[in-house]
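Reminder that position 6 of the sequence shown reads as 778 in my numbering, one-by-one numbering, no gaps. Glycine included, C-beta positions come from ideal geometry on N, C-alpha and C. Working notes for the structure below.
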Amino acid sequence: MERTKVNQKQRQRRCWRVTNRIKANSTRPRLSVFRSLKNISAQIIDDTTGRTLAHASSLDKEIAGELKYGGNVAAATVVGRVLAERALANGVTSATLDRRHYKYHGRVAALADAARAAGLDMGGAKPESAE
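Right, here's the structure in full:
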């Protein structure tokens with residue numbers, strides 16, 4: 773089998789494993805992250821009703837005005853902050869991170885840390901306070 777097909781199958785299995793673990797063990801809505809080379813987006817989904825509770829993307833007009841480029845850590849930080857603000861405005865105070873097949877590193881970690889810093893409870897370690 774070609775190496776690219778093997779990589780695709782591993783990535784798909786990893787995505788299923790992470791998502792199924794989150795759906796099976798969590799009563800909180802999930803924060804689903806998607807990243808491409810040029811942009812990043814995230815949404816908070818309630819799986820019991822199948823509704824999106826809040827969303828943010830580097831393609832949103834108000835966010836894109838702040839950014840020079842949508843595919844870096846700075847953009848992920850802004851998207852995480854805006855997503856947390858929108859979620860809190862809609863009454864969502866906690867979520868579980870669904871990183872899909874991405875590693876918790878770089879842009880994904882920056883988005884999650886910014887959402888935590890803006891007040892969204894996602895469990896796990898809290899970011900260090902800047903004093």
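Within 10 angstroms of the Cβ of Ser808, are there 16 or more other Cβ atoms? Answer buried if so, exposed if not. Taking the first residue of the sequence shown as position 1, residue 808 is located at position 36. When all chains shown are included, Ser808 counts as exposed.
Buried versus exposed, by CB contacts within 10 Å (16 or more), Arg871: For this step, residue 871 is matched to residue 99 along the sequence shown. Buried: at least 16 other Cβ atoms inside 10 Å.
Just curious, the alpha helix (DSSP H) that Arg802 is in, first and last residue? As a first step, residue 802 must be located in the sequence shown, where it is residue number 30. Counting along the chain, Arg802 falls outside any alpha helix (DSSP H), though it belongs to the beta strand (DSSP E) covering Arg802 to Arg807.
Quick test of the definition: if touching needs 3 or more C-beta pairs under 8 Å, does the region 835-854 touch the region 875-885? Under the 8 Å Cβ criterion, the region 835-854 counts as touching the region 875-885, having at least three qualifying pairs.
Anticipated Cβ contact below 8 Å, Thr824 with Ile835, distance rounded: As a working note, residue 824 is residue 52 in the sequence shown. As a working note, residue 835 is residue 63 in the sequence shown. Not really, about 17 Å apart at Cβ, beyond 8 Å.
Beta-carbon contacts of Ser813 that lie in its chain and below 6 Å, excluding the five residues immediately before and after: What you label residue 813 is simply residue 41 of the sequence shown in a count that begins at 1. The residues are Phe806 and Ser829.
According to DSSP, is Leu883 helix, strand or coil? Here residue 883 is taken as the residue at index 111 of the sequence shown, counted from 1. Leu883 falls in the helix class under three-state DSSP.
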